[in-house]
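With the UniProt record's numbering, letter number 16 in the sequence shown gets 16, and the count goes up by one each step, no holes. All C-beta atoms, glycine included, are put in the ideal place defined by N, C-alpha and C. Since the model is a prediction, treat every value here as computed from it, not as a measurement. This report concerns only the one structure given below.
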Amino acid sequence: MTPSPVDPWQRRYPARPFLAASVAVVRDGRVLVAARGRPPMQGVFSLPGGLVEPGETLAGAALRELREEVGLAAEIVAVLAPLEIIERDGGGVLHHYVVLPHAARWTGGEPATGPEALSLRWVDAAEVLALVTTAGLPAVIAGALAAVAGAAA
1 MTPSPVDPWQ
11 RRYPARPFLA
21 ASVAVVRDGR
31 VLVAARGRPP
41 MQGVFSLPGG
51 LVEPGETLAG
61 AALRELREEV
71 GLAAEIVAVL
81 APLEIIERDG
91 GGVLHHYVVL
101 PHAARWTGGE
111 PATGPEALSL
121 RWVDAAEVLA
131 LVTTAGLPAV
141 IAGALAAVAG
151 AAA
């Protein structure tokens with residue numbers, strides 16, 4: 001696994017937003033979600049994803065993170081609306097991420113847990129509502145399901 005170019009603790013009080021990419025992998029009408037293995041939001045369900053490295057495309061970063069975090073291969077079929085995650089505290093902006101989620105069709109591999117994914121689940125648009133998730137995840141999953149279904153038509 002390639003180490004992140006930025007230590008998570010150095011992401012606090014950033015001088016500028018961090019750019020990240022994630023991927024909603026669709027298989028049999030369900031999307032893979034992972035309980036985050038590291039702070040921030042450890043244990044909260046999200047999509048596989050992470051920071052974009054210099055010289056890497058957003059889609060490339062999403063697919064790399066998917067391989068590294070859960071061991072899956074996928075084909076990107078759509079780019080979804082960006083998410084802005086801004087957390088403030090008394091000292092200013094504690095965290096600021098801009099995440100570009102992608103919708104993808106599963107092409108291979110079976111998901112495996114690891115240091116960045118404590119638990120994995122395949123969910124549909126209704127099942128994700130019962131989970132504790134990162135902000136905006138239910139809408140991203142609904143968008144990914146629609147995009148992959150539309151690409152198959």
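Go to residue i, then tell me how far its beta strand (DSSP E) extends in each direction, as first and last residue.
i	result
Glu68	Premise fails: Glu68 lies in the alpha helix (DSSP H), 58-70, not in any beta strand (DSSP E).
Ala24	18-27
Pro138	Where Pro138 is concerned, there is no enclosing beta strand (DSSP E), although the alpha helix (DSSP H) it sits in stretches over 137-152.
Ala35	30-36
Asp89	83-89
Gly92	92-108
Ala117	117-123
Val77	73-79
Leu51	49-51
Just to confirm before moving on: does the CB-CB distance between residue i and residue j stay below 9 Å?
i	j	result
Val70	Ala61	no
Leu120	Ala35	yes
Arg64	Glu56	yes
Gly143	Pro82	no
Leu58	Val26	no
Trp122	Leu32	yes
Ala153	Val77	no
Arg11	His95	yes
Trp106	Ala149	no
Rounded to whole angstroms, what's the CA-CA distance from residue i to residue j? Just pull it up for me.
i	j	result
Gly43	Gly37	6 Å
Ala147	Ala103	7 Å
Asp124	Arg88	31 Å
Gly136	Leu129	11 Å
Ile85	Gly49	14 Å
Arg16	Gly92	12 Å
Gly90	Ala112	39 Å
Gly108	Asp28	13 Å
For the candidate residues the options, whose alpha-carbon lies nearest to that of residue i?
i	options	result
Val132	Phe45, Pro39, Val33	Phe45
Pro40	Ala112, Val148, Tyr97	Tyr97
Ala139	Arg12, Ala24, Arg11	Ala24
Gly114	Leu66, Val93, Ala153, Ala152	Leu66
Val99	Tyr13, Thr134, Ala126	Thr134
With a threshold of 16 other CB atoms inside 10 Å of the CB of residue i, please say whether the residue is buried or exposed.
i	result
Glu110	exposed
Ile141	buried
Ala117	buried
For a cutoff of 9 Å on Cβ pairs, would you count residue i as touching chain D?
i	result
Leu83	The structure shown has no chain D; it contains just one protein chain.
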